[in-house]
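Colleague: Have a look at the structure that comes next, please.
The following block contains the structure:
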């Protein structure tokens, strides 16, 4: 394990460069960071948006090697759980959390379909199911990937989020927020609209939520519809 415990002291995490933070991971995982793992600056902002009170329990769906949870657990008083299908990424996440001595961070080697969403207060998603849609944009071939799984996973997450209490917070990074049900509104968009805070503001209209053709949920609150990569 690289020499990161001192370099990544919690007081310094918010200002550390991604290349320096990523030294905590093995080389083969580090090499994927610029495409697949949450940047430190994004993780820090997302954590602040999600943790509204000490002890807020946040679920990171598709956590990879746990970079978001590690940064967030260093900077806030929240609790963070990451769920990931790939065993090697979970092993790297657990090792990194131990290296940083983070007691409020844990990782589950599981499929999102196996997770009890009711155990969590808030949720973070970095485009976790995109691999299923784009053959050339995947981490590896160690888990099943298909457009059918994309539909199944996004539908499942949307259903679970719709069942959470009014006021539940979700932060998405990148993507078109297909997992966000209509009973959530986009309250804030940062980093060129790539980072969005969604808040459940009403109970779901079941007829509306189950429409098979839904408008893409990529918009900035009351400002209007926009592409998530729309340049300023």
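Residue numbers (our numbering): 99 to 330. Glycine is no exception: its CB is placed at the ideal position from the N, C-alpha and C atoms. Given the structure is predicted, the values throughout are model-derived calculations rather than measurements.
What's the gap between the Cα of residue 224 and the Cα of residue 301?
Modeller: Residue 224 and residue 301: Cα-Cα distance of roughly 25 Å.
Colleague: Roughly how far, in whole angstroms, is the beta-carbon of residue 297 from the beta-carbon of residue 159, given that I think they are within contact range, below 8 Å?
Modeller: That belief does not hold up - the Cβ atoms of residue 297 and residue 159 are roughly 17 Å apart, past 8 Å.
Colleague: Report the residue from 128, 245 and 163 whose alpha carbon sits nearest the alpha carbon of residue 205.
Modeller: Of the candidates 128, 245 and 163, the one whose C-alpha sits nearest the C-alpha of residue 205 is 163.
Colleague: Between residue 251 and residue 144, which are expected to be in contact by the criterion C-beta below 8 Å, what is the C-beta distance as a whole number of angstroms?
Modeller: That pair is no contact at about 20 Å.
Colleague: Starting from the C-beta of residue 120, find all residues in its chain whose C-beta is less than 6 Å away, skip the five residues before and the five after it, and write them out in chain order.
Modeller: So the qualifying residues of the chain are 128 and 131.
Colleague: Throw me the rounded Cβ distance for the residue 168 and residue 269 pair, which I believe falls under 8 Å.
Modeller: That belief does not hold up - the Cβ atoms of residue 168 and residue 269 are roughly 16 Å apart, past 8 Å.
Colleague: Does the distance from the CB of residue 360 to the CB of residue 177 come in under 9 Å?
Modeller: Because the chain here runs from 99 to 330, residue 360 falls outside it and cannot be looked at.
Colleague: Apart from the five residues just before and just after residue 137, which ones in its own chain have a Cβ nearer than 6 Å to its Cβ?
Modeller: For residue 137, where only same-chain residues beyond five positions count, the Cβ hits under 6 Å are 116.
Colleague: Cutting at 6 Å between CB atoms, please list the residues of its own chain near residue 294, excluding the five before and the five after it.
Modeller: Excluding residues within five positions, the ones whose Cβ falls inside 6 Å are 270, 284 and 287.
Colleague: Pick out whichever of 280, 304, 299 and 123 has its Cα sitting closest to the Cα of residue 196.
Modeller: Ranking 280, 304, 299 and 123 by Cα distance to residue 196 puts 123 first.
Colleague: Span of the beta strand (DSSP E) holding residue 200?
Modeller: Unbroken run through residue 200: none, as it is neither H nor E.
Colleague: Could you say which of 114, 213 and 245 lies nearest to residue 227 if we only look at CA atoms?
Modeller: The residue with the shortest Cα to Cα distance from residue 227 is 245.
Colleague: Find out if the Cβ-Cβ distance for the pair residue 282, residue 259 is shorter than 9 Å.
Modeller: Yes, the pair counts as a contact, with Cβ atoms nearer than the cut-off.
Colleague: Which ranges does the beta strand (DSSP E) cover as unbroken runs of at least 3 residues, wholly within the stretch 214 to 301, from first to last along the chain?
Modeller: Taking only runs of at least 3 residues, the beta strand (DSSP E) segments lying wholly in the stretch 214 to 301 are 220 to 223, 267 to 271, 282 to 288 and 293 to 298.
Colleague: DSSP has residue 174 in a bridge; who is on the other side?
Modeller: DSSP output for residue 174 lists no bridge partner at all.
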